[in-house]
Amino acid sequence: QPGRIKVELMTTRPVSTLLEVLDERGFRMTRQRRILLELLENASGHVNAKDLLRLAQQRDPSINRATVYRTLSLLKGEGLIDELDLLHLDGEEHFYERRRPQDHLHIGCVGCGRILEMETNLVDRLNTEVQVTTGFRPDSIRVEVRALCPECQKRQ
Numbered sequence: 652q653p654g655r656i657k658v659e660l661m662t663t664r665p666v667s668t669l670l671e672v673l674d675e676r677g678f679r680m681t682r683q684r685r686i687l688l689e690l691l692e693n694a695s696g697h698v699n700a701k702d703l704l705r706l707a708q709q710r711d712p713s714i715n716r717a718t719v720y721r722t723l724s725l726l727k728g729e730g731l732i733d734e735l736d737l738l739h740l741d742g743e744e745h746f747y748e749r750r751r752p753q754d755h756l757h758i759g760c761v762g763c764g765r766i767l768e769m770e771t772n773l774v775d776r777l778n779t780e781v782q783v784t785t786g787f788r789p790d791s792i793r794v795e796v797r798a799l800c801p802e803c804q805k806r807q
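Residues in the sequence shown are numbered consecutively from 652, following this note's numbering.
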């Protein structure tokens, strides 16, 4: 059932904007890239490439799919955004979100598609356990929980 993803944020926003970070790192800021960065920065939740392209073309019709994917690839490579599948509740679509200062988990309702983002120290504890047990130092940890939200539980 595509289009079911609804996001509820329980996280804090980063201090620096994507534009500021890329500018500090010496990347060229074209008008098209600025538009895409602003859209990603101000997204009220997770955004997919198709919707990002549609929104960007409303502001500049010359923005094309390749520009969107190049920008997303740059941001992923610089560690500024995360690519998520959100439990595939909306099909095989991938979504993007600004990387937050603190790792968080995603809880997805398999009934209605609601996504809850939750910061918790459990992610920090998992990070520590991975380091102590394996010697690996995680760059990021993504935890996704499939569940039924309270409203969908009532309907069962």
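Note that beta-carbon positions come from the ideal geometry of N, C-alpha and C, so glycine has one too. It should be emphasised that the depicted structure is a prediction, and the values quoted were computed from it without experimental measurement.
Item                                                                                                                       : Value
Beta-carbon separation (whole angstroms), LEU669 vs LEU690, contact threshold 8 Å                                          : Actually they are not in contact, since the Cβ atoms of LEU669 and LEU690 sit about 10 Å apart, beyond 8 Å.
Beta carbon of VAL774 nearer than 8 Å to that of ASP754                                                                    : yes
Those residues which DSSP pairs with PHE746 across a bridge                                                                : ASN699 and LEU735
Paired residues, beta bridge with VAL648 - DSSP                                                                            : For residue 648 there is no data in the structure shown, the boundaries of the chain being 652 and 807.
Residues bridged to ILE714 (per DSSP)                                                                                      : Answer is none; ILE714 lacks a bridge partner.
Range of the contiguous beta strand (DSSP E) that encloses GLU770                                                          : 765-770
C-alpha distance - LEU703 paired with ARG684, whole-angstrom precision                                                     : 12 Å
Top-ranked residue by Cα proximity to THR771, from GLY762, ILE758 and ARG765                                               : ILE758
Exposure label - ARG705; buried when at least 16 CB within 10 Å                                                            : exposed
Terminal residues of the beta strand (DSSP E) in which GLN758 lies                                                         : Rather than Gln, the amino acid found at residue 758 in this sequence is Ile. Counting along the chain, the beta strand (DSSP E) containing ILE758 begins and ends at 755-760.
Where ALA798 sits in the DSSP three-state scheme                                                                           : strand
Between the CA atoms of TYR747 and SER816 - distance to the nearest angstrom                                               : Residue 816 lies beyond the stretch modelled for the chain, which goes from 652 to 807, so this question has no answer here.
Simplified DSSP state of ALA694, which is helix, strand or coil                                                            : coil
Cut-off 6 Å between Cβ atoms - residues of its own chain near LEU818, not counting five sequence neighbours on either side : The requested residue 818 does not occur in the structure, where the chain is confined to residues 652 to 807.
Alpha carbon of ALA798 to alpha carbon of ARG751, nearest angstrom                                                         : 23 Å
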